[in-house]
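In my numbering, the protein residues as written are 6 to 100.
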């Protein structure tokens with residue numbers, strides 16, 4: 006459950022980051038928050054999987070982990086790209 010809360014906060018912070026950039030305001034704190042909460046989401050998900058291993062809940066592991074692996078890779082890559090997009094756009098605009 007904690008990973009879902011962190012994930013939602015990461016998404017909101019990422020959209021705030023993009024909005025702040027578009028509005029011409031300082032977006033770096035929102036960018037740091039977006040990336041930080043993405044990392045916390047991954048840690049929380051790993052903790053959940055660790056609990057399932059400890060209690061030997063193999064059904065949960067076999068059911069959830071394969072799909073979550075792909076989802077976490079995809080969402081993490083998207084989060085990184087969206088959060089660093091303003092920096093890349095600023096650099097492109099200065100050239």
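Backbone N, C-alpha and C fix where the C-beta goes; we use that ideal spot for every residue, glycine too.
- Between the beta-carbon of residue 88 and that of residue 25 there is about 11 Å, and that puts the pair past the 8 Å contact cut.
- In the pairwise beta carbon analysis, the region 62 to 73 is classified as not touching the region 31 to 46: fewer than three pairs are separated by under 8 Å.
- With fewer than 16 other Cβ atoms inside 10 Å of its own Cβ, residue 86 counts as exposed.
- When Cβ pairs closer than 8 Å are counted between the two stretches, the region 38 to 45 is seen to touch the region 16 to 24, the count reaching three or more.
- By the CB criterion at 9 Å, residue 59 and residue 8 fall outside the cutoff.
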